[in-house]
Amino acid sequence: MATKPRNNQRSAFVRPMIPKFAVVGHPNKGKSSIVSTLAEDSSVAISNLPGTTTKARSFPLRIDGRVIYELVDTPGFQRPQQVLAWLQAHTDNASGRADAVKAFVDTQRKDPKFHDECELLKPLIDGAGILYVVDGSKPFGHEYETEMEILRWTGQPRMALINLIGDDDHIEQWRRALDQYFSLVRVFDALSADNEARLSLLRSFGEIYEPWSVQINEAIVQMENAFRRRRTLAAQETANLIHFALTAKQVAPFRDGQDKQALQSVLEQKLRDILRASEAKFQRDLAAIYHHTDVQIQGLDVDALTLDIFSQQSETLFGLNKLQLAVSGALSGGAAGTGIDVMVGGTSLLMGATIGALVGGVSAVLGGQKLGKTKLLGQTLAERSLSVGPIRNPNLPWVLLGRAVLLFSLVSERNHARRDAIKIKSATMTNAAGKIPEQTRRDLDRYFAKLRDDPGRADVTKLSAWINVIFESASREKFE
Amino acid sequence: MHWLESDSATEWQEKLTRDRKTQYTPNKEGRRSPLDQVMQWWEAVQPGTDGPSAGERVDNLFFWSSVLTVLIGVIVGASVAGAVLYYDGSSPINVFWAFLLLVGLPLLTLVLSLFLPWSRRGGALSTLNTTQVVQSMLSTFSRWRENDILRVLEAFDAHLRWRLAANSQLFGLAFSCAALVVLITKVTLSDLAFAWGSSLDVNSEIVSRATVVLSAPWSSLVPQAVPDLELIETSRYFRLSDIRNEGLARSLTRWWPFLAMSVFVYGVMIRAGMFALAAFQAKRCLRNEFLAHPQVVALVARLNMPAIVSDSNETEARQTSPELATTRQFAGIERPSLLVIWQQAAVPDEFANVSCLTLNGVIDLDEIKAKIMAAIDGAGPVVISTKSWEPPLLEFHDALRALREMCGAATPVIVLPVDPHGKTASEAEKAVWQQSLATINDPHLFVQ
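Listed in order, the protein sequences are those of chains W and X. Throughout, my numbering is defined as the position within the first sequence, counted from one, plus 1. Throughout, my numbering is defined as the position within the second sequence, counted from one, plus 10.
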């Protein structure tokens, strides 16, 4: 019976100073998914077809250029019994086992029959620790014992990861087998692991080989900081989007005799298009902050995040309802006083078109017509401009914020092993902004009002801080 | 700032990569000030631009307006001083008027200007917001109506208000300096007689007390600039009286130091101090508003975010997936010539009573062939039961090759992936087997 190894077992292979772990195992057990999750790399090829990974590929974790630890994705065992037979034929005692493994790689590397085994054993010969991956949703089979025996022969520090690909549970059966070969056995669902699960797994890495624990701990601290910073960045980008949306204007020259309504419509459309494009860009940026470059989001009953931000449906899903707006005071003040459509949920942007002033405050005294006939330095002072914006619809910032919160909660914890589209249900997010605590809503509403009236006084870092807190709560809520 | 706002259209990863390439030099204390970081970043990434930016245009406008302000202040100050200090010898200069126009009036405008920097947009004094007034004036001209100009005026409202406040102090400073120069020049090059007069019942002691109070800032430093009681008494003037006495005329010139020091202290020094304060506030507000601008806040965060990269430097060597193997089915498996149980797979229900050969992997191909040869019974198809959830390894391909050698090239070989209970595999699992075994390119190999 194979004995459980000790952590400080001497090895024939020189272990590198920088922690290095080779992810090994049977094909199709989620090795590449685990690497993709831990390395936050969506480009790692993941497929149901066995043998997708054909070459050992290194994923060093670098922080400001310095490598903290390294993961190596490897091909799966293809001919384990023949390999073990070879090894057993080339050594006759335990002390020579590691050398036998090295000899195997040295002599068989050119044989295409053992290409995959050489690729997966090479990092171990270079001193890497072993992360052996199995599928805990399928029964244990005796064929795995051959692989585990080969790995044991390397003498390298090792731990087993029980991945969960299917719905069945054979974890305990696996534990009983794996405990005999590995000092550490952990369950890790590569597809659903959140940030905390990843950090927990990293902590386990530090237990495999004690000299590596310092750097692993440093990696954990850096990753925790990185998660916080990303959330801060996401909050800042959201704040910037809202800031822009509430201060954006469109200005065009307006001449006597020109159709004001037509020009106003053109400018309004232009402003809407600019804001839509800005929000689309923001969504891409938010995904990119979390290293998701090609996230597809599908609504099961409505495509929530592709709804027009100015639509009634968006307001219903993401904005505040009338009662909440009233409580927040958004229906008082400037919005109600404009005399323009204040219907909450309407498509009106409540922008109001203002004719640009003539020469300073003087025009208000003298009246436009009088100055219209005056010339100054050859220029007619009757040149005016039509300015549209900023948008005063009180629900617009809430719609933007609600959509941002939804997107954040979907991408911030989504791990990179998943290749499917994110599917969301509209029922889980109706009145999303209404879930924000009332005091925070009031603070935000005051801020939005200040932002519209005097952008220079609105401190975007405060808005960013509030949004950061909202995001922190949102990350604990699941919309999928 | 305009460039930063348009840079918001750049994709995130591209911005991050570009910004991280910039090297930063900490300050003398070894710290990174956000402003230094941003300015060093700007030096590194500054694109070539066609013409001045919106911010530069506004800055230039304010600069030249301050130059114009100084010029106007000098002209007005010199003109007022020239008029107030006009003396043709017929009657002395009324020192009250001179003081009022050269000191009092500028002080009054100073007090009135103090609230201007505080007239924020949207605040109680918003109608007096100086940048909005400037914006309204500028909007007369089409080249100043652009969106980026408006955004600069809004984003740096506090800075521009203080700058306008500084300009107003510049006007007062220029006025007072010009007035002082005119006074000194006239005093130097001609004789000026000063007197004071009023229809009010004001005695010399009251005037003396007032001048003592007004002279307090310089009384210890320049005592001769403090009018004494004798001068005050002798310089009271009634236009109907005659003061052609030479001694008296000489003494009436002694008011000029008081007037000069008043203009200097209450005009030049106070205005200079207010200008310095306004300029300092303008600079402080510029810094604060700049660093508080959303795009700058985002930039500083990107610059200070540690670069955590964990993707591979190597490219994936992707294996091309072959066309799905034949999905054709072998019609009706009759009594097989051989049932192989691969790696302890379950026995399919329909073969429960069929004897089978168990193969647990391949070590020695010859040994496998021998076992197969011994187990084959008849000319029927060969059926292999496998674990559906375990994809075929190359080891299985080796076994298939050995089997093909032993049973003949045309013998149907049917691979039956089954679940742990011997039931047929799912379509997805079957597809994995079909794809993998397609690489063997055996027309008599079936997966079902």
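Using N, Cα and C, we set each Cβ at its ideal position, and we do this for glycine too.
Taking 9 Å as the CB-CB cut-off, is residue i touching chain W?
{"i": "residue 379/X", "result": "no"}
{"i": "residue 308/X", "result": "yes"}
{"i": "residue 408/X", "result": "yes"}
{"i": "residue 452/X", "result": "no"}
{"i": "residue 373/X", "result": "yes"}
{"i": "residue 414/X", "result": "no"}
{"i": "residue 288/X", "result": "no"}
{"i": "residue 442/X", "result": "yes"}
{"i": "residue 98/X", "result": "no"}
{"i": "residue 64/X", "result": "no"}
{"i": "residue 16/X", "result": "no"}
{"i": "residue 362/X", "result": "no"}
Report the rounded CA-to-CA distance for residue i versus residue j, giving the unit in angstroms.
{"i": "residue 129/W", "j": "residue 154/W", "result": "14 Å"}
{"i": "residue 26/W", "j": "residue 32/W", "result": "7 Å"}
{"i": "residue 17/X", "j": "residue 30/X", "result": "15 Å"}
{"i": "residue 389/X", "j": "residue 452/X", "result": "18 Å"}
{"i": "residue 195/X", "j": "residue 455/W", "result": "49 Å"}
{"i": "residue 191/X", "j": "residue 50/X", "result": "45 Å"}
{"i": "residue 4/X", "j": "residue 14/X", "result": "No information on residue 4/X is available, as it lies outside the stretch 11 to 458 that chain X covers here."}
{"i": "residue 168/W", "j": "residue 26/X", "result": "40 Å"}
{"i": "residue 217/W", "j": "residue 181/W", "result": "25 Å"}
{"i": "residue 274/W", "j": "residue 43/W", "result": "31 Å"}
{"i": "residue 392/W", "j": "residue 161/W", "result": "57 Å"}
{"i": "residue 175/W", "j": "residue 140/W", "result": "8 Å"}
{"i": "residue 395/X", "j": "residue 123/W", "result": "34 Å"}
{"i": "residue 105/W", "j": "residue 119/W", "result": "8 Å"}
{"i": "residue 21/W", "j": "residue 278/W", "result": "43 Å"}
{"i": "residue 39/W", "j": "residue 222/W", "result": "15 Å"}
At the 9 Å Cβ level, is residue i part of the contact set with chain X, yes or no?
{"i": "residue 401/W", "result": "no"}
{"i": "residue 227/W", "result": "yes"}
{"i": "residue 42/W", "result": "yes"}
{"i": "residue 285/W", "result": "yes"}
{"i": "residue 198/W", "result": "no"}
{"i": "residue 176/W", "result": "no"}
{"i": "residue 447/W", "result": "no"}
{"i": "residue 294/W", "result": "yes"}
Residue i touches chain X at which residues, Cβ-Cβ below 7 Å?
{"i": "residue 22/W", "result": "Near residue 22/W there are no residues of chain X at all, since even the closest Cβ is about 13 Å away, more than 7 Å."}
{"i": "residue 29/W", "result": "401"}
{"i": "residue 290/W", "result": "22"}
Which residues of chain W have a Cβ atom closer than 8 Å to the Cβ of residue i, listed in chain order?
{"i": "residue 317/X", "result": "63, 64, 65 and 66"}
{"i": "residue 353/X", "result": "142, 143 and 144"}
{"i": "residue 433/X", "result": "Correct list: empty, because the minimum Cβ distance to chain W is about 14 Å."}
Interface residues of chain A around residue i at Cβ under 8 Å?
{"i": "residue 430/X", "result": "Here the protein chains are W and X, and chain A is not one of them."}
Interface residues of chain W around residue i at Cβ under 7 Å?
{"i": "residue 177/X", "result": "The contacting residues do not exist; residue 177/X stays about 16 Å from chain W at best."}
{"i": "residue 404/X", "result": "79 and 80"}
For a contact meaning CB atoms closer than 9 Å, what does residue i contact in chain W?
{"i": "residue 356/X", "result": "Ordered by position in chain W, no residue passes the 9 Å Cβ test against residue 356/X, which lies about 10 Å from the chain."}
{"i": "residue 31/X", "result": "Within 9 Å Cβ-Cβ: nothing; residue 31/X doesn't reach chain W, min ~12 Å."}
{"i": "residue 196/X", "result": "Those do not exist, as residue 196/X stays about 37 Å from chain W at its closest Cβ, beyond 9 Å."}
{"i": "residue 54/X", "result": "The contacting residues do not exist; residue 54/X stays about 18 Å from chain W at best."}
So with CB distances below 9 Å, who are the chain X contacts of residue i?
{"i": "residue 168/W", "result": "Those do not exist, as residue 168/W stays about 12 Å from chain X at its closest Cβ, beyond 9 Å."}
Can you name the residues of chain X whose CB is closer than 8 Å to the CB of residue i?
{"i": "residue 60/W", "result": "320, 321 and 322"}
Do the region 343-354 of chain X and the region 393-409 of chain X touch if we need at least three Cβ pairs shorter than 8 Å? They touch, by the three-pair rule.
Spell out a yes or no on whether the region 58-72 of chain W and the region 85-105 of chain W are touching, meaning 3 or more CB-CB pairs, one atom from each, closer than 8 Å. The region 58-72 of chain W vs the region 85-105 of chain W: no contact.
Touching by the beta-carbon criterion (3+ pairs, under 8 Å), the region 283-293 of chain X and the region 165-177 of chain X: yes
Determine which residues of the region 291-305 of chain X have a Cβ less than 8 Å from any Cβ of chain W, and write them out in chain order. 299, 302, 303, 304 and 305
contact_flag[the region 433-444 of chain W, the region 463-475 of chain W] where n(CB pairs < 8 Å) is 3 or more: With the cut-off at 8 Å, the region 433-444 of chain W and the region 463-475 of chain W touch.
Taking 8 Å as the threshold, find out whether the region 156-173 of chain X comes into contact with the region 259-279 of chain X through three or more Cβ pairs. no
According to a CB-to-CB cut-off of less than 8 Å, which residues of the region 234-258 of chain W neighbour chain X? The residues in question are 234, 237, 238, 240, 241, 244, 245, 248, 250, 251, 252 and 254.
Contact between the region 201-210 of chain X and the region 226-233 of chain X (3+ Cβ pairs under 8 Å): no
Please list the residues of the region 209-226 of chain X that have a C-beta atom closer than 9 Å to any C-beta atom in chain W, keeping them in chain order. Answer in chain order: no residues at all.
Residues from the region 134-150 of chain W in contact with chain X, defined by Cβ distance under 9 Å: 136, 138, 139, 140, 142, 143, 144 and 147
Segment contact flag, the region 138-155 of chain W with the region 54-67 of chain W, C-beta cutoff 8 Å, min 3 pairs: no
Stretch pair the region 112-121 of chain X + the region 273-287 of chain X: three plus CB contacts closer than 8 Å: yes
For the 8 Å Cβ check, are there 3 or more pairs between the region 245-258 of chain W and the region 207-227 of chain W? Between the region 245-258 of chain W and the region 207-227 of chain W, the count of C-beta pairs closer than 8 Å stays below three; the two stretches do not touch.
How do the region 255-273 of chain W and the region 353-373 of chain X stand: do at least 3 beta-carbon pairs fall below 8 Å, yes or no? no
Determine contact between the region 222-236 of chain W and the region 252-261 of chain W, defined as no fewer than three beta-carbon pairs at a distance below 8 Å. no
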